[in-house]
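Laid out in structure tokens, this is it:
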């Protein structure tokens, strides 16, 4: 039997509550799902003149923890990962091999390296920028950092490293983004960010469908900045971009993932891992 591997990402809690709440951009509908968990959504063409389906979760780390769950070689949908793990919400994780399974980016959790970056893969499987930064934790604080010059294995001070890319913001600064088509064309996207108040921001935008065109990487960068992120990182996207919210009575899959144009809302793509939100006990 395949087991789900589930790892806790400890986070630093800021005690100054006045700095913790983000200000959503105009046009978003805001719903308080529970204390410490807020959902923002936008559907329509009011943003940048094109149709979009955008979903954002703002998470208070004092009430909720972020975990990475992995099926290792077995691929599963985000909703399956979430339900099996008792999550209240979830998004897809970092880049993975759709045939062999497993992440193609460096991943280390609780001191154990589960995947290493597969630089030998052809461009259709891996681009150099896809492990340029990581969501990391040293057991006290969660943040987003750039890859050290000597590689991720040298970052021994961090017990958890989930690499992806490209990085969008570091220390409040917008980072340069290359002009390759992966960045300049609109696709479905998933991103994770940290605000100045140490709130976690999880964002998905659906793409490649009439109802949602997706973001270019600069547009994703701008949106994460508008939600108050001082650190932000692009995760796997395209047909993988998925958000699931368990607190909703129905239609828990709020994004519109799928394998191509014209697919239904419920056509989830199977992925290697997922970032889930669970209540702190």
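In my numbering, the protein residues as written are 529 to 809. C-beta atoms are modelled at their ideal positions from N, C-alpha and C, and glycine is treated no differently. Only a predicted model underlies this, so the values are computations on that prediction, with no experimental measurement involved.
Give me, in chain order, the residues of the same chain whose beta-carbon lies closer than 7 Å to that of residue i; leave out the 5 immediate sequence neighbours on both sides.
i	result
residue 556	568, 569, 570
residue 808	591, 592, 593
residue 702	749, 753
Using the Cα positions of residue i and residue j, report the straight-line distance between them to the nearest angstrom.
i	j	result
residue 597	residue 705	29 Å
residue 781	residue 678	40 Å
residue 805	residue 642	21 Å
residue 564	residue 589	8 Å
residue 601	residue 626	10 Å
residue 708	residue 761	17 Å
residue 698	residue 712	20 Å
residue 800	residue 610	13 Å
residue 673	residue 622	15 Å
residue 554	residue 640	42 Å
State the DSSP-derived secondary structure class of residue i, mapped to helix, strand or coil.
i	result
residue 580	strand
residue 611	helix
residue 788	Interpretation of residue 788 is limited by its pLDDT of 45, a score under 50 that renders its predicted location unreliable; the figure taken from the coordinates is listed afterwards. Residue 788: coil per DSSP, three-state reduction.
residue 721	strand
residue 660	coil
residue 759	strand
residue 798	coil
residue 711	helix
residue 636	strand
residue 597	strand
residue 697	strand
residue 551	coil
When you measure from the CB of residue i to every non-hydrogen atom of the ligand HEM, does any distance come out below 7 Å?
i	result
residue 744	Because no ligand of any kind appears in the structure shown, any question about the ligand HEM cannot be addressed here.
Verify whether the separation of the beta carbon atoms of residue i and residue j is less than 8 Å.
i	j	result
residue 765	residue 722	no
residue 658	residue 720	no
residue 693	residue 715	no
residue 768	residue 620	yes
Short of 6 Å in beta carbon distance, which residues of its chain neighbour residue i, apart from the five on each side in sequence? Order them along the chain.
i	result
residue 686	664, 666
residue 820	Nothing can be reported for residue 820: it is not among the residues displayed for the chain, which extend from 529 to 809.
residue 660	675, 693, 694, 695
Among residues of its own chain, excluding the 5 on either side of residue i, which ones have a beta-carbon nearer than 8 Å to its beta-carbon?
i	result
residue 784	581, 734, 737, 739, 740, 793
Stretch-stretch touch, CB-based, cutoff 8 Å, three pairs: the stretch 761 to 772 with the stretch 602 to 612: The stretch 761 to 772, when compared against the stretch 602 to 612, does touch it at the 8 Å Cβ threshold.
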